[in-house]
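Scroll down for the structure; my scribbles are underneath it.
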Ligand SMILES: Nc1ncnc2c1ncn2[C@@H]1O[C@H](COP(=O)(O)OP(=O)(O)OP(=O)(O)O)[C@@H](O)[C@H]1O
Ligand SMILES: [Mg+2]
């Protein structure tokens, strides 16, 4: 992270661990892929932490594929109690879960949510209990348009609920994904320049990602993916562990 504005206030939620969600109303932008990279990255880089991946998508792409890595420090969860019959999130149950999960003694707890496309912030008040909302987007016009719309809905949720939450709102970090070139990344930054959010490092297009959710016998696909994206995963996990250094309310787009 370079020249980040120092936090005027911290989120104040670090005592009960740290909660991140990968979300965008748009489908196919990399929410599940990035949730996989974050959760496996945290688990492998922080041996003294408890990492929980919670899949809020009934398609269960990430939970089905990641449960084979589960152990006493890495939990994978896809629980019907976290949804309503309509498929919308069950805000009460999700909030209870976030707020009540203690870490094992002496270890740090991370909760990573993967979420489905189409989730409306207006119906997702649990978002206010997350420390950070990562919003993946590609550089296509359709994704940029949908992402802008999603960011506006998030701001509306924050404004409506801010007073109930003691002004503690989650950080919003846009994650450029499926990027082809630096020039394309710069185009995306220009297109989102007026958004009051952070923008992360670009994740470039690579055919390796197409095999990310496949269960291979020796997990060679996942190992190759983690290895070839080592620098990016290091940046991503560090952003989460050092979140307190960021001002929760950037006035316009700020590059991390
Ligand atoms: N950087 C990348 N390079 C190449 N392919 C990618 C990259 N990131 C994601 N993909 C591929 O794009 C597709 C969509 O990714 P993913 O499933 O993570 O998106 P999603 O936002 O979770 O989608 P959904 O809304 O359907 O849940 C997948 O086939 C994935 O393998
Ligand atoms: Mg997904």
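Numbering (the working numbering), first residue to last: 157 to 412.
Cβ atoms here follow ideal geometry from the backbone N, Cα and C, with glycine treated the same way.
Check                                                                                                                                                      : Outcome
Comparing C-alpha positions only, which one of 363, 316, 350, 353 sits nearest to residue 336?                                                             : 363
Using CA atoms only, rank isn't needed, just tell me which of 211, 329, 340 is closest to residue 250.                                                     : 211
According to the neighbour-count rule (16 or more other Cβ atoms, all chains shown, within 10 Å of its Cβ), is residue 161 buried or exposed?              : For residue 161, the pLDDT reaches just 40, beneath the cut-off of 50, and the residue's location in the model is therefore unreliable, leaving the point undetermined.
Go to residue 206, then tell me how far its beta strand (DSSP E) extends in each direction, as first and last residue.                                     : 205-211
Only counting runs of 4 or more residues, tell me where the alpha helix (DSSP H) segments fall wholly within the region 227-298, in order along the chain. : 247-256
How is the beta strand (DSSP E) around residue 176 delimited, first residue to last?                                                                       : 174-178
Give the range of the beta strand (DSSP E) segment to which residue 328 is assigned.                                                                       : 327-332
On the three-state DSSP scale, how would you describe residue 335?                                                                                         : strand
Does the Cβ of residue 334 lie closer than 8 angstroms to at least one heavy atom of ligand 1?                                                             : yes
Compute the Euclidean distance between the alpha carbons of residue 164 and residue 381, then round it to the nearest angstrom.                            : In this predicted model, residue 164 has a pLDDT of only 32, less than 50, meaning its place in the structure is not dependable; the value taken from the coordinates is given anyway. Those two C-alpha atoms are separated by around 37 angstroms.
Put residue 306 into one of helix, strand or coil per three-state DSSP.                                                                                    : helix
Whole angstroms is fine: what's the gap from residue 174's alpha carbon to residue 266's?                                                                  : 5 angstroms
Please report how far the alpha carbon of residue 400 lies from the alpha carbon of residue 340, in whole angstroms.                                       : 30 angstroms
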